[in-house]
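Report on the following structure.
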Ligand SMILES: NC(=O)c1ccc[n+]([C@@H]2O[C@H](COP(=O)([O-])OP(=O)(O)OC[C@H]3O[C@@H](n4cnc5c(N)ncnc54)[C@H](OP(=O)(O)O)[C@@H]3O)[C@@H](O)[C@H]2O)c1
C-alpha cells in the first residue's frame, strides 16, 4: 500500500521540493498553502509526471477554523496520513526589538507556532488511531542560536524545538516518531517574503556563498522518513559548507562575516 505524506506550505521552497521527491518515490501526496493556483499547477504536474494521487488543501494555517475544516474534509478523501511535515512558516522583517513591527511578530507567531499546533492537533489523533506516524517539524538554525535582529523569528523556531521535544514524549506510547530538521540558509522565497518583495536585498543574503537548496532539505526529510521503523532521528541541523550556525558564515574566502 502506498504511504501518504501531508506537507504544509508546499506552494514553494522546501515544501514543494519535498512533495516532488516523495511523489517521485511513489507516495500519495497532500499539499497545503494559501495560493490555490500554485497548488493546482503542482497537483497537475505531479500527477502527470509520477501518476501519483495528489490532494490539495487551500487554507491559511493561522486560521484555526480553516485548519479544522480542511482536515475534516480530508478525512473523507484520505484513509491515513503516514507523515506530516510541518513546514509552512515565514520570517517577516528583521528589526531590533524596540523598533519591530508588531504585525510582523503576530504573523510569525501565528504561522510558525500556532499554525503548527493547529494542524498537529488535528493530525496527531489520526496517527494515534493508526498506531503509527511520523511528524517532521521544520525548525531552523535560528531555533538553536539567536542572532541580532532575529528576536521574534528566533523565538518561534526555539518554540518549534521545544514543541518537537515535548511532542516526542507525548506521542511515545503511540509509536509516532517526531523529528526536528533545522536548516541554515537556503535559497527559496524565504528572504523575498522576509524583506517584503525587495529582490535585491533578498538576493544579497546569498551572494558570495553557496546556500542550501530546497532539494537539499527534501533529501534530508526523505532520509529521516525512510529509516527502519525502530529508528527515529530526533533532531538534525544542517547548514551549507559556508555557514557554521545562525550567526557565522563565510562569504568571500577567509573573511568571516555575520550571516544576518
Ligand atoms: N529558507 C531558509 O533559509 C530557511 C531556513 C531555515 C528554516 N526555514 C523554514 O522552512 C520553512 C519553509 O520555508 P521556505 O524557505 O521553503 O520558504 P518559502 O519558499 O517562502 O515557502 C513557505 C511556504 O509556507 C507557506 N505559508 C506561509 N504562510 C502561510 C500561511 N499563513 N498559511 C499557509 N501556508 C503558509 C507558503 O505558502 P502560501 O504563501 O501559498 O500560503 C509557502 O508554501 C519555514 O518554516 C521557514 O521558517 C527556512
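In the numbering used here, the protein residues as written are 24 to 283.
Where a beta carbon is used, it is the ideal one built from N, C-alpha and C, also for glycine.
Please read these numbers as outputs of a predicted model, since none were measured by experiment.
Quiz prompt | Closer than 7 Å: residue 146 CB and nearest ligand 1 heavy atom | solution = The residue labelled residue 146 in the question sits at position 123 within the chain shown. False, no ligand heavy atom lies under 7 Å from that Cβ.
Quiz item: Shortest alpha-carbon distance to residue 147 belongs to which of 98, 99 and 107?
Solution: Taking the first residue of the chain shown as 1, we reach residue 147 at position 124. If we check each option's Cα against that of residue 147, 107 comes out closest.
Exercise. From the DSSP output, in three-state form, read off residue 114 for me.
Key: Here residue 114 refers to the residue found at position 91 of the chain shown. If DSSP states are grouped into helix, strand and coil, residue 114 belongs with coil.
Practice problem: In angstroms with no decimal places, state the Cα-to-Cα distance between residue 104 and residue 91. | Solution: Counting from 1 along the chain shown, the entry for residue 104 is found at position 81. Counting from 1 along the chain shown, the entry for residue 91 is found at position 68. Their Cα atoms are separated by approximately 15 Å.
Self-check item: Close beta carbons around residue 141, own chain, < 6 Å, minus the five adjacent residues each side
Solution: As a first step, residue 141 is located in the chain shown; it is residue number 118 there, counting from the start. Cβ within range, chain order: 87 and 90.
Quiz item: Which stretch, first to last residue, makes up the alpha helix (DSSP H) that contains residue 207?
Solution: Here residue 207 refers to the residue found at position 184 when the chain shown is read from its first residue. That residue, residue 207, is in no alpha helix (DSSP H); it is neither H nor E in DSSP.
Quiz item: If we count the other Cβ atoms within 10 Å of its Cβ and call it buried at 16 or more, is residue 248 buried or exposed?
Solution: As a first step, residue 248 must be located in the chain shown, where it is residue number 225. Residue 248 should be labelled buried.
Quiz item: Excluding the five sequence neighbours on either side, which residues of its own chain have a C-beta within less than 7 Å of the C-beta of residue 27, listed in chain order?
Solution: Taking the first residue of the chain shown as 1, we reach residue 27 at position 4. 50, 51, 53, 101, 103, 104 and 105, listed in sequence order.
Self-check item: Backbone CA spacing between residue 219 and residue 61 [nearest angstrom]
Solution: Start at 1 with the first residue of the chain shown, and residue 219 comes out as number 196. Start at 1 with the first residue of the chain shown, and residue 61 comes out as number 38. Their backbone Cα atoms lie some 20 Å apart in a straight line.
Quiz item: Which runs of the alpha helix (DSSP H), 4 residues or longer, sit entirely within the stretch 120-178?
Solution: 125-131 and 139-153
Practice problem: Over the uninterrupted beta strand (DSSP E) stretch that includes residue 288, give me the two end residues. | Solution: Residue numbering for the chain in the displayed model covers 24 to 283; residue 288 lies beyond these limits and cannot be assessed.
Quiz prompt | Three-state secondary structure assigned by DSSP to residue 36 | solution = On the chain shown, position 13 is the one that residue 36 refers to. In the structure shown, residue 36 sits in a helix (DSSP, three-state: H, G or I).
Quiz prompt | The beta strand (DSSP E) enclosing residue 56, as first and last residue numbers | solution = The residue you call residue 56 lines up with position 33 of the chain shown. Residues 51-56.
Practice problem: For residue 211, verify whether its CB is less than 7 Å away from any heavy atom of ligand 1. | Solution: By 1-based counting over the chain shown, the position of residue 211 is 188. It does: the Cβ of residue 211 is within 7 Å (strictly closer) of some heavy atom of ligand 1.
Quiz item: Using the C-alpha atoms, what's the distance from residue 152 back to residue 131?
Solution: By one-based count along the chain shown, residue 131 stands at place 108. By one-based count along the chain shown, residue 152 stands at place 129. Their backbone Cα atoms lie some 31 Å apart in a straight line.
Practice problem: On a CA-only basis, which of 272, 216, 68 and 256 is nearest residue 164? Give me that one, please. | Solution: Stepping through the chain shown from its first residue, residue 164 is reached at position 141. Checking every option, the nearest Cα to that of residue 164 belongs to 272.
Quiz item: Residues bridged to residue 258 by DSSP?
Solution: Within the chain shown, numbered from 1, the residue matching residue 258 stands at position 235. Note: residue 258 sits in a beta bridge opposite 203.
Self-check item: Where residue 282 falls, given that 16 or more other Cβ within 10 Å makes a residue buried
Solution: Looking up residue 282 in the chain shown gives position 259. Below a pLDDT of 50, predicted positions are generally treated as unreliable, and residue 282, at 49, falls in that range; the measurement from the model is reported next regardless. Per the 10 Å Cβ criterion, buried.
Self-check item: Rounded C-alpha distance that separates residue 66 from residue 37
Solution: Your numbering for residue 66 matches position 43 in the chain shown. Your numbering for residue 37 matches position 14 in the chain shown. Distance between the alpha carbons of residue 66 and residue 37 is about 16 Å.
Self-check item: residue 273, DSSP secondary structure in three states
Solution: What you label residue 273 is simply residue 250 of the chain shown in a count that begins at 1. In the structure shown, residue 273 sits in a strand (DSSP, three-state: E or B).
Quiz item: Going along the chain, which residues of its own chain have a beta-carbon closer than 6 Å to the beta-carbon of residue 199, five neighbours each way excluded?
Solution: Counting from 1 along the chain shown, the entry for residue 199 is found at position 176. Here the set comprises 150 and 156.
Quiz item: What's the C-alpha gap between residue 166 and residue 269?
Solution: For the purposes of this step, residue 166 is identified with residue 143 of the chain shown, where counting begins at 1. For the purposes of this step, residue 269 is identified with residue 246 of the chain shown, where counting begins at 1. If you take the alpha carbons of residue 166 and residue 269, they lie about 9 Å apart.
Quiz item: residue 118 to residue 70, Cα distance in whole Å?
Solution: Translated into the one-based positions of the chain shown, residue 118 becomes position 95. Translated into the one-based positions of the chain shown, residue 70 becomes position 47. Rounded to the nearest angstrom, the two C-alpha atoms are 42 Å apart.
Quiz item: Among 224, 260, 267 and 114, which has the Cα closest to the Cα of residue 136?
Solution: On the chain shown, position 113 is the one that residue 136 refers to. The option with the nearest alpha carbon to residue 136 is 114.
Quiz prompt | Secondary structure of residue 107, DSSP reduced to three states | solution = Against the chain shown, residue 107 aligns to sequence position 84. Assigned with DSSP and collapsed to three states, residue 107 falls in strand.
Quiz item: Roughly how many whole angstroms lie between the Cα atoms of residue 122 and residue 59?
Solution: Numbered from 1 along the chain shown, position 99 holds the residue referred to as residue 122. Numbered from 1 along the chain shown, position 36 holds the residue referred to as residue 59. Here the alpha carbon of residue 122 sits roughly 34 Å from the alpha carbon of residue 59.
Quiz prompt | Top-ranked residue by Cα proximity to residue 205, from 179, 230, 217 and 97 | solution = Translated into positions along the chain shown, residue 205 becomes position 182. Closest option to residue 205, Cα to Cα, is 179.
Quiz item: Looking only at C-alpha atoms, which of 194, 168 and 209 sits nearest to residue 182?
Solution: The residue you call residue 182 lines up with position 159 of the chain shown. Looking at the Cα atoms, 168 is the closest of the given residues.
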